[in-house]
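Read through the structure below, which is laid out as C-alpha cells, and then see the notes.
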Amino acid sequence: MYITTIIPAAGMGSRMNMRKNKLYINLSGKPVLYHTLKKFINNTFIEEVLVVLQEGEIDHFQNSIFNILGTNKNKIKTVVGGKSRKQSVFNGLKAASDKSDYIIIHDGARPLITDEIINNVIGSLEDEEAITTGVKVKDTIKIKDHNNYVVKTVNRDNLVSIQTPQAFSYELIKEAHQNKFFDKNITDDAYLIELMNKKVKIIEGSYENIKITTQIDLTIAEEILKSRRE
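Per the working numbering, the sequence shown runs over residues 592 to 821.
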C-alpha cells in the first residue's frame, strides 16, 4: 500500500506567548518539527511526507529543518496551509500523490511520537479504514455550568483522550473534507468520519506522546527525550 503522511505545521501556537511558530523552538538541540518529521521520513512503509506550512515560512523551513534531516528528507514535500487546521489538512490531501491508498495525519507539535505507535497504526490499516490513537483519561472529569458550578461527574471508564497519528483510507478522508456541511473549524479529522456515521477504531497511544502547547510541555518533552537518549 502507498501511504502518505500529512503534518499540519502552519499554526502559530499562541499559548506559547511567542511571536514565532512554536515548531521552530529548540528541543534538545533541534527544532520541535525536526523531531516529528524524522520519525515519519525514516519509516520504510511511508512513501511521502507532506509538511503543511505558512507560505512565509517555507524558506525558513528549508534552511532550519529540511537541510539537517538526512538522506530520507527527499520524501518531504511542502504545502501552503490554509486559515484553519482543517483547511491546511485539506490542502495536504489535494497535494497527495495520486498513488495514495492511505493517509496518516499527525500534529507537527507532537515530536515524541514513537516508531511503535506509527507501525501499530499502519498495521491496523489492513482491517480498518479510519483509525485514531488515544489514551485512557486518568483524571476525574466534571461537567460545569456557566457559573462554574459542578453539574455532573462523568464516569471515566469509557473516556479516551485523543491523540495523533490518525489514519484513513484516502478516499474516505478526502470525501469527509470535501463535505461542505462540516464545520470548517473542526480540529479532529476522526470527528469528520464520525459525522459520516462511519466507525473509527481507537488504538493505544502513549502518555508520552504529548502536544507542545505551553512552556511546561517543552520542559516535559526535554526530560522524555533525555530518558530515551535521543
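Glycine included, C-beta positions come from ideal geometry on N, C-alpha and C.
Predicted, not measured: the structure shown is a model, and the values here were computed from it.
Short Cβ contact (9 angstroms threshold) for residue i with residue j
i: K666; j: I704; result: no
i: Q757; j: T778; result: no
i: F652; j: L644; result: yes
i: I753; j: I815; result: no
i: E795; j: G725; result: yes
i: N776; j: S675; result: yes
i: L624; j: A601; result: no
Alpha carbon of residue i to alpha carbon of residue j, nearest angstrom
i: F773; j: I616; result: 33 angstroms
i: T731; j: V741; result: 12 angstroms
i: P622; j: N663; result: 18 angstroms
i: K727; j: R747; result: 8 angstroms
i: I801; j: I811; result: 9 angstroms
i: I713; j: R701; result: 18 angstroms
i: I690; j: E762; result: One point to set straight first is that residue 690 is Lys, not Ile, in the sequence displayed. Between K690 and E762, the C-alpha separation is close to 11 angstroms.
i: S655; j: S679; result: 21 angstroms
i: N634; j: K743; result: 44 angstroms
i: L641; j: K668; result: 5 angstroms
i: E785; j: E766; result: 13 angstroms
i: H768; j: G699; result: 19 angstroms
i: N711; j: A721; result: 13 angstroms
i: S619; j: G683; result: 28 angstroms
i: N612; j: T805; result: 12 angstroms
i: H697; j: K735; result: 31 angstroms
i: T596; j: S760; result: 12 angstroms
i: K629; j: I598; result: 12 angstroms
i: H737; j: I659; result: 49 angstroms
i: L750; j: D808; result: 23 angstroms
i: E648; j: V745; result: 43 angstroms
CA nearest to the CA of residue i, picked from the options
i: Y693; options: D718, I656, N739; result: D718
i: Y593; options: V642, E648, S619, A687; result: A687
i: I803; options: E813, I794, G647, E795; result: E813
i: L716; options: K677, E646, V791; result: V791
i: E639; options: L783, Y782, I695; result: I695
i: K677; options: L783, K789, I649; result: L783
i: R820; options: A600, A601, H626, G602; result: H626
i: D706; options: S797, K817, G672; result: S797
i: E646; options: F657, G661, V670; result: V670
According to DSSP, residues forming a beta bridge with residue i
i: L641; result: I597, K668
i: N617; result: P622
i: K792; result: I722
Beta strand (DSSP E) runs wholly inside the region 646-678, at least 3 long, in chain order
667-671
Pick out the complete alpha helix (DSSP H) segments inside the region 684-768, 4 residues or longer, and give them in chain order.
706-715
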